[in-house]
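K.L.:
Chains as they are written, first to last, in the working numbering: chain A, 26 to 454; chain B, 697 to 1033; chain C, 182 to 558; chain D, 165 to 424; chain E, 57 to 297.
Beta carbons are placed, not taken as given, at the ideal position from N, Cα and C, and that holds for glycine.
Pasting in a structure now, in structure tokens, and then I'll have a few things to ask.
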Amino acid sequence: MRGVGLYLLVGALIVGTGLMQGWNTALLILNMGLVSAIMALGVNLQWGIAGLFNIGVMGFVALGGLAAVIVSMPPTTEAWAAGGWQIVGGLAMGAATVVAAVFVWKRAPAQWRIWGTVAVVIAGFVLYRQVMPGGMAAVEAVNPAGTGYLGGLGLPVLIAWPAGGLLAAGAAWIIGKTALGLRADYLAIATLGIAEIIIAVLKNEDWLSRGVKNVIGIPRPVPYEVELQANPDFVATAEGFGLTPILASSLWVKLSYTMLFAAVLIVLLVLAQAALKSPWGRMMRAIRDNEVAAEAMGKDVKGRHLQIFILGSAICGLAGAMMTTLDGQLTPGTYQPLRFTFLIWVMVIVGGSGNNFGAVLGGILIWWLWVQVEPIGGWLLSVVSAGLPDGSLVQERLLAGAPHMRYLTMGLVLIFVLRFAPRGLIPER
Amino acid sequence: MTDILNALVVLANFVLIPATAYGAQLALGALGVTLIYGILRFSNFAHGDTMAFGAMVTILGTWGLQSAGITGGPLPTALIALPLGIAATVLLLLATDRFVYRFHRAAGSPPTMFVIVSLGVTFVMNAIVRFIIGVDDQRFADGERFVIRAREFREMTGLDEGLAIKTTQVLTLVVAAICVAALFWFLQKTRTGKSMRAYSDNEDLALLSGINPERVVRVTWLIVAVLATVAGVLYGLDKSFKPFTYFQLLLPIFAAAIVGGLGNPVGAILGGFVIAFAEVTITYPLKKVLGYLMPESLEPDGLVQLLSTDYKFAVSFVILIVVLLIKPTGLMKGQTA
Amino acid sequence: EGHAEEVKLGIILGYTGPIESLAGHMADGAEEAMSEVTESGLLLGGATVTPVRADTGCIDNALATSNTERLIAEGISGIVGGDCSGVTGAMLQNVAIPNGMVMVSPSATSPALTTVEDNDLFFRTAPSDAREGEVMTEVLMDRGIESVALTYTNNDYGKGLADAFQTAFEAAGGEVTISTAHEDGKADYSAEVGALSAAGGDILVVAGYLDQGGLGIIRAALDTGAYDQFVLPGGMVGDSIVENVGADLNGSFGQIAGSGGDGAAKMTELGEAGGYDGTSPYTPESYDAAALIMLAMQAAGSMDPADYGPMITSVANAPGEEIYPGELAKALQILADGGEIDYVGGSAVELIGPGESAGTYREIEVKDGAIETVGFR
Amino acid sequence: MITVETLVKSFGGFKAVDGASLTIAEGSITGLIGPNGAGKTTLFNVIAGNLKPTSGRVLMQGEDITGLPPHELFHKGLLRTFQIAHEFSSMSVRENLMMVPAAQTGETIWKAWLSRGRIREEERALAQKADEVLDFLTISHLAEEKAGNLSGGQKKLLELGRTMMVDARIVFLDEVGAGVNRTLLGTISDAIQRLNRERGYTFCVIEHDMDFIGKLCDPVIVMAEGHVLAEGKASEIMQNEDVIEAYLGTGLKNKVAAQA
Amino acid sequence: MTGDEAEPMLIGDMMTGGYGKGADILHECTIAVDAGQIAVIVGPNGAGKSTAMKAVFGMLTVREGAVRLDGEDITALTPQDRVAKGMAFVPQTSNIFTSMTVEENLEMGAFLRRDGIAQTMEQIYELFPILREKRRQAAGELSGGQRQQVAVGRALMTEPRVLMLDEPTAGVSPIVMDELFDRIIEVARTGISILMVEQNARQALEIADKGYVLVQGRNAYTGTGAELMADDEVRRSFLGG
Ligand SMILES: Nc1ncnc2c1ncn2[C@@H]1O[C@H](COP(=O)(O)OP(=O)(O)OP(=O)(O)O)[C@@H](O)[C@H]1O
Ligand SMILES: Nc1ncnc2c1ncn2[C@@H]1O[C@H](COP(=O)(O)OP(=O)(O)OP(=O)(O)O)[C@@H](O)[C@H]1O
Ligand SMILES: [Mg+2]
Ligand SMILES: [Mg+2]
């Protein structure tokens, strides 16, 4: 009941935004809210249901973004010719080294094991360094200001969404294999670090993602506003509704995104609910409660942890690809833990961890707050400081601090929600 | 011979000394994090911003002192203003505890709840600091900046390479050593220290032994305030004060605390140095050193660098993960469960 | 008369996040221009210009687009912003272009933005990296320095400038011993400085920001004695760096966009009077961005972006009377009288090709703890 | 059924299990007793895969199972209970039992999405079985209670109940009796006998209550200081001088009598 | 203090209460012990024995009824204050500091004492020799029975006037159990009152001055130890035949 009320409240907030600040703003907030809700769903799966403390969300979101580039951007043919195959060779060499090292570690007789593995790794590294940098330099030299990277596959961007999920899942598999044995706090910091490493790769491997030079102009799954504005049919229809072409086109584009995102969210939510309520969900809760006992009762704790870690991360990757599509660009410099990891956590906890509907609610609500706190806070501050003498130091400080109201408010919201509803707005069961 | 000396001086100047100083800085921060984890049993994300708050008050005090004409002579004036910063931080932390954490303690919330709550506190402290002092870079270091300058060293020894040691580096190292020794002694040997450990181990049973939990919590925050302010001020003196960097510091600090073993003060120190040395050594190109050591014909063309500095903090995390895989509780045994 | 009582301009910058310490000064610069215009009472027959600030977080595309969308709903007629290239691209593609809004960015330098189909809506007052790389090469070559170490702030500005410089410098026969990035806002730069020192080089080129990692690098380099001379590109030139580093910086040199007039000096004066740092990076560019929008409005006689957008290039470039900071009233009057202006401003604005600045550069050197202009290029 | 060969498990320098060798015969109810700290629980932990042995082997019907993880051993029919109860505290008592059986269709995630009907049936059967077990343990009124809220003894019962949810082949019980009411313990002991006789479970039971051991177990193995001290029928063991000295003591009764 | 019927040293009088906002678990339950005497509580699992002990120690709110020590009403005191008044308690579960050494555990028992504790500690090591051997080891690494000994040792370190034990013998070997009961008798002789819950009911009742049988949170039978042992109904239903 409380849940329904809260969802109505969120709906009212969005509608209110539409009435006060225009429907474009409202839809934009809703769209990003939906993406956030999907990320929150992924985190909730890992934390709320399996008790995995993953604060590397940012890394998986970024991988999703990378997928959008790799899938949808046109390939840079000159770059492929210049050094693309050399890079592929280098990567293959790297992969072969890892495989060989693992093989030696597992199969070699005990006395050779350590030295054999070390030798394989060093040899592989040397070879890799022989091949890779040349290819990278060649690719990056191809019109560095415009391309300077390999480009993508030139496929429709919608394919990038599942691809983003897969890419994130692959990374999660590797990470999970190494780090999942760690205790809660340690796993947390390990994932945090791995996310930073992923971002570092995106920022520094220009041949892959143009690094900090950003990839912009990623194709859209929906039409461009200017195209619509130039389309007489569309203009006519818009005028039929009494809308200007500009307004109608931007609303239509945003609505298309809303529908796409909502469809994805609903599918995921249905699947997540079904899983949670099944014996699978019961088993996951048992594992969260007491790993030792679950293991003794025949549950493969490690395997299950890996499974849910991959699932949750894949969802974050999917959301990341969606977000990059919405932005129309990949900007590795914009990935910061505060925004892409901790904010998602706030959504999950405020919404109610362990409860999928709570996570979704938290996603949309907190995103709305994140955007709206600044104007509200600025207005509040100007009211407060209006009473102060003009130009006084305090007034100046307060007004200059308006943008920081967002942090203040997020902090206070978090603290108050946890104080008065410690298990979130819509608690688990 | 001079070649070897030169090589040694280069290494000392660019690897040993900076890494030691950086390590001590991380260690001081990690000490606070580790103490909160050890006694109150949660990872406090607000620690970076607590450091910023303590440093900020100290800076305001320093400015006050300086405008009153009081200085610390060769030592930074900020050291005189330190008690003010500590006092303010103590008040802030006690107030935070009273209004935020106490409820969750009483409700028996799980550690992760505290972590998330501390995230909320981080946001709030973040804003407070920015409201009061703004977002800009603030410099407040005065006094003698160097113990020895690179140029002076070159002139003194006649070597080609210089060696510089900063006052703040020495100060940080000394303070870190004192802090860890004092903390270790306090926790292991004193009644209050033991009662704090008992409390962290089993709160209900501590109650049954007549330990006053609120007192334990107060003492913990008190020590944390001291550690955070000292760390924040020393860091600010050595580099500069900017609120944003204090939040960024959190990551290496946590890495240090965890590598060392969360909850273990000696581990925090060790972890700080491991992280700092790893970052600096693995990314240091050996070109110059080898240039001195090798005969001319064999001098390297390339930089002889294992890893580009782009990935320097990837190094600390790789180390972190490797350490955890081999010793799941950190180098020094951290707390379990 | 009186048909345009209020013109709202958005100032959408990263007031929180990694460059929060720059954004405040930038906004102050832009607001300075606006209040100057308002006080003159000359814009479109006496309109007041109201600034509206909104945050981009510098790194938060979604926040930036939402905020831009919100300001558009509030009825702004132009945007000064965004700052970081990532969010600028997002704002441009997702909000400004669809809504036909003019956007003048004071600081986004990414070459990638050049290629966006912007329908004459997007301009930048920040100089292009390619040009600065060439100028810096000339400065170095003239001083006979042929081997440098290079470090850049790890974003599109730093990377772009570093690439451009390295290409130009090596083409001119110079050697870059190492080119390595540094992240802004980090705790410690010993590793970077160690690597830069080990690689060798006669001088260190720091393509960063003077109150971010760039400052940290210089401090650490001086402290360890790794380098005692630095080349300072635009992002590093400002009074605060001399204050912060002190006498050790004497002898370092560099270049910053600025023309024969004393635009930058005027900015400094204005800043002192207005209580902000007029030398902070991109503050003059912000002033100029705001000024360009308003001057173009005056020239077009309209506050509709579709009308004044195409005028921006013409007010920025010759022919016409040169306009410096603090002279906006004069410029408005000239335009009102049907004359022509060539806006120079605080950063020597000259728009070329797809709406980018290609100004002249002022060569500077630090002498006796002050930045002195030693020539123009 | 289970053979332990010269097993050693050391913590740091301390050998908790020090060369223990023993056999648990198929179909028996073997008692394992010994002073506190003799290494009984550690031995269980090694056999059940919770700890890796320092050296030595564990065989299950001739197959080497040393170091296999607990969940794999569970699938081979090896179950254990914990001396310190390990309940799933935030789940209901019934759910604590229902989660036990392996190979539930609904535990595979895509089947949880696809085979809804089959899962519903399985669940109904499971719930019924769980309720039977709860009835037997006299705690059916607590079926919906969170397991974390049970009393100390009730948690012990739940531990035992979990082993009754599946067809185990060998069950290791670590002090099921500690903290359990003696009347109820009698019932439990009957149940163990019945499971042993009717379903062919093999049991290995650690317990300090000699009445319980005496009535139920044959043979009884005595451990002390990490190795096997004696083995035999309960009645023999209780007469064994070594065992009396190390473990049983001369009894409280005489003392009370003497002091009175 | 009035009346001819002397008030016992410690009494939980007609206590009614439960955990948090949940249903009542105790119903007008009365538990008392006199100076130098041993009182034993027995009953089926979940009867509320531990709950009654916690109620007496102030670890849950007693909604009706009162707890009095030496006639003084201490119902409102915190557990800590009760420790200061000379009460000690060994809970049934999590009753040791697992990360601290055995010796530190014992020291913590004596936290409120200001006099020398060496002698008491020596006595405890004599009582439980294994603890002396393991005194530098973390208590969490001990075996189940050893932990139980640490727990009892910790409580004894307080040198209390009233000692409350919740199933002190669970998991300890017969030989240690004998010692433990021995020691409990001895302790009682020195004038300390002992209130304990036991499932080893027959042995416990043998040494008890007073016995309580609790069933579903109510006093079902009360009498001297011997009386309860003699009651067939009690024997069959609660003491295991
Ligand atoms: N993790 C550990 N680290 C160090 N020593 C340990 C550890 N676990 C157990 N021990 C030691 O090993 C010995 C055997 O312990 P174990 O738990 O097997 O005894 P037990 O026979 O089950 O005793 P009890 O009847 O009291 O349960 C004890 O002396 C204990 O102190
Ligand atoms: N923390 C709690 N919250 C809610 N209910 C509880 C809690 N602890 C115990 N109970 C309930 O209170 C009742 C009495 O529990 P208590 O622990 O007092 O039993 P007991 O007589 O000590 O049993 P045992 O002999 O098994 O230890 C039980 O039904 C139990 O489910
Ligand atoms: Mg045991
Ligand atoms: Mg009990």
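Does DSSP put Asn242 of chain C in a helix, a strand or coil?
P.N.:
Helix at Asn242 of chain C.
K.L.:
Have a look at Arg3 of chain A and Val86 of chain A and give me their C-alpha separation to the nearest angstrom.
P.N.:
Residue coverage of chain A in this structure runs from 26 to 454, which leaves residue 3 of chain A outside it and unanswerable.
K.L.:
Any chance you could list the beta strand (DSSP E) runs of at least 3 consecutive residues sitting entirely within the stretch 467-504 of chain C, in chain order?
P.N.:
As far as the stretch 467-504 of chain C is concerned, its whole beta strand (DSSP E) runs of at least 3 residues are 502-504.
K.L.:
Considering only the alpha carbon of each residue, which of B:Arg850, B:Thr773, B:Gly858 lies closest to Thr758 of chain B?
P.N.:
Looking at the Cα atoms, B:Thr773 is the closest of the given residues.
K.L.:
Verify whether the separation of the beta carbon atoms of Thr434 of chain A and Gly388 of chain A is less than 8 Å.
P.N.:
No, Cβ-Cβ distance for Thr434 of chain A and Gly388 of chain A is not below 8 Å.
K.L.:
Strictly closer than 5 Å from CB to any heavy atom of ligand 1: give me those residues in the order they appear in the chain.
P.N.:
Taking each Cβ in turn, the ones that pass are D:Phe175, D:Ala180, D:Asn200, D:Gly201, D:Ala202, D:Gly203, D:Lys204, D:Thr205, D:Thr206, E:Glu197, E:Leu198, E:Ser199, E:Gly200, E:Gly201.
K.L.:
Just checking my contact of Leu242 of chain D with Ala212 of chain D at CB under 8 Å: how many whole Å lie between their CB atoms?
P.N.:
7 Å between Cβ atoms; contact.
K.L.:
What residue range does the alpha helix (DSSP H) around Pro230 of chain E cover?
P.N.:
Pro230 of chain E -> alpha helix (DSSP H) spans 230-245.
K.L.:
Val253 of chain E and Glu223 of chain E look like a contact to me (Cβ under 8 Å); what is the Cβ gap, rounded to whole Å?
P.N.:
Rounded, the Cβ-Cβ distance is 5 Å, consistent with contact.
K.L.:
Where does the unbroken beta strand (DSSP E) through Pro232 of chain C begin, and where does it stop?
P.N.:
Taken as a continuous stretch (DSSP letters only), the beta strand (DSSP E) holding Pro232 of chain C covers 229-236.
K.L.:
Who does Asn200 of chain D pair with in a DSSP beta bridge?
P.N.:
In DSSP, Asn200 of chain D forms no bridge with anything.
K.L.:
By the 10 Å Cβ neighbour count, where 16 or more other Cβ atoms means buried, how is Ala424 of chain D classified, buried or exposed?
P.N.:
Below a pLDDT of 50, predicted positions are generally treated as unreliable, and Ala424 of chain D, at 41, falls in that range; the measurement from the model is reported next regardless. Answer is exposed; the Cβ neighbour count stays below 16.
K.L.:
Hey, Ala93 of chain A and Ala346 of chain A: beta-carbon distance below 8 Å or not?
P.N.:
Against a cut-off of 8 Å, the Cβ pair of Ala346 of chain A and Ala93 of chain A comes out as a contact.
K.L.:
Is Leu416 of chain D buried or exposed, if buried means 16 or more other CB atoms sit within 10 Å of its CB?
P.N.:
Its pLDDT being 41, under 50, Leu416 of chain D is placed unreliably in this model, and the value from its coordinates should be taken loosely. It is buried - the Cβ of Leu416 of chain D has at least 16 other Cβ atoms within 10 Å.
K.L.:
Excluding five sequence neighbours on each side, which residues of the same chain lie with their C-beta closer than 7 Å to the C-beta of Thr58 of chain E?
P.N.:
Unreliable placement is indicated for Thr58 of chain E, whose pLDDT of 42 sits below 50; the coordinate value is still reported in the next sentence. Nothing listed; no residue qualifies.
K.L.:
Counting only the same chain and skipping the five closest in sequence on each side, list residues whose C-beta sits under 7 Å from that of Val420 of chain D.
P.N.:
Unreliable positioning characterises Val420 of chain D in this predicted model, as indicated by a pLDDT of 43, which lies under 50. The coordinate reading is nonetheless provided below. Excluding residues within five positions, none has a Cβ falling inside 7 Å.
K.L.:
Is the beta carbon of Lys319 of chain D closer than 8 Å to that of Val340 of chain D?
P.N.:
No, Cβ-Cβ distance for Val340 of chain D and Lys319 of chain D is not below 8 Å.
K.L.:
Assign Pro169 of chain C to one of three DSSP states: helix, strand, or coil.
P.N.:
Missing from the structure shown is residue 169 of chain C; chain C here goes from 182 to 558 and no further.
K.L.:
Could you spell out where the alpha helix (DSSP H) holding Thr349 of chain A opens and where it closes?
P.N.:
Counting along the chain, the alpha helix (DSSP H) containing Thr349 of chain A begins and ends at 326-352.
K.L.:
For Met387 of chain D versus Leu380 of chain D, is the C-beta distance shorter than 8 Å?
P.N.:
Not in contact: Met387 of chain D and Leu380 of chain D (Cβ atoms no closer than 8 Å).
K.L.:
Could you tell me whether the stretch 168-185 of chain A touches the stretch 221-237 of chain A, where touching means 3 or more Cβ pairs closer than 8 Å?
P.N.:
As far as the Cβ criterion goes, the stretch 168-185 of chain A touches the stretch 221-237 of chain A, which means the pair count is three or higher.
K.L.:
Would you report the Cα separation of Thr350 of chain D and Ala294 of chain D, rounded to the nearest angstrom?
P.N.:
One detail in the question is off: residue 350 of chain D reads as Gly in this sequence, not Thr. Using only the alpha carbons, I get a separation of about 21 Å.
K.L.:
Under 8 Å, with one C-beta from each stretch per pair, do the stretch 189-202 of chain D and the stretch 355-364 of chain D reach the 3-pair mark?
P.N.:
Yes: the two stretches touch, three or more of their Cβ pairs being nearer than 8 Å.
K.L.:
Roughly how many angstroms separate the alpha carbons of Phe710 of chain B and Ile223 of chain A, rounded to a whole number?
P.N.:
Using only the alpha carbons, I get a separation of about 28 Å.
K.L.:
One question on the structure: do Gly928 of chain B and Ala751 of chain B come within less than 8 Å of each other, judged by their Cβ atoms?
P.N.:
It is a contact, given that the beta carbons lie within the stated cut-off.
K.L.:
Can Glu899 of chain B be considered in contact with ligand 2, in the sense that its beta carbon sits closer than 7 Å to one or more heavy atoms?
P.N.:
For ligand 2, not one heavy atom lies less than 7 Å from the Cβ of Glu899 of chain B.
K.L.:
Beta carbons nearer than 9 Å to chain E: which residues of the stretch 346-374 of chain D have them?
P.N.:
Hits within the stretch, in order: Arg346, Thr347, Leu348, Leu349, Gly350, His372, Asp373, Met374.
K.L.:
Between Ala376 of chain C and the rest of its own chain, which residues show a CB-CB distance below 7 Å, the 5 nearest in sequence each way excluded?
P.N.:
Once the five neighbours on either side are set aside, the close Cβ partners of Ala376 of chain C are Ile359, Thr361.
K.L.:
Report yes if the C-beta of Leu481 of chain D is less than 7 Å from at least one heavy atom of ligand 2; otherwise report no.
P.N.:
Only positions 165 to 424 of chain D appear in this structure, which leaves residue 481 of chain D out of reach.
K.L.:
Looking at ligand 2, does it come within less than 7 Å of Glu309 of chain D, judged from the CB to the closest heavy atom?
P.N.:
Yes.
K.L.:
So what does Ser360 of chain C bridge to, in DSSP terms?
P.N.:
According to DSSP, which records beta bridges pairwise, Ser360 of chain C is partnered with C:Leu331.
K.L.:
Between the Cα of Thr916 of chain B and those of B:Ala902, B:Leu883, B:Leu722, spot the shortest distance and give me the residue it belongs to.
P.N.:
Comparing Cα positions, the closest option is B:Leu883.
K.L.:
For Thr280 of chain E, I'd like the list of residues in its chain whose CB is within less than 8 Å of its CB, leaving aside the five on either flank, ordered along the chain.
P.N.:
Excluding positions up to five away in sequence, the list reads Ala264, Asp265, Lys266, Gly267.
K.L.:
In terms of residues, what are the limits of the beta strand (DSSP E) holding Thr187 of chain D?
P.N.:
Residues 178-188.
K.L.:
Residue range of the beta strand (DSSP E) that Asp365 of chain C falls in?
P.N.:
Segment: none, Asp365 of chain C is in no beta strand (DSSP E) and carries neither H nor E.
K.L.:
For Ile186 of chain E, which residues in chain G fall below 8 Å Cβ to Cβ?
P.N.:
The structure shown contains no chain G; its protein chains are A, B, C, D and E.
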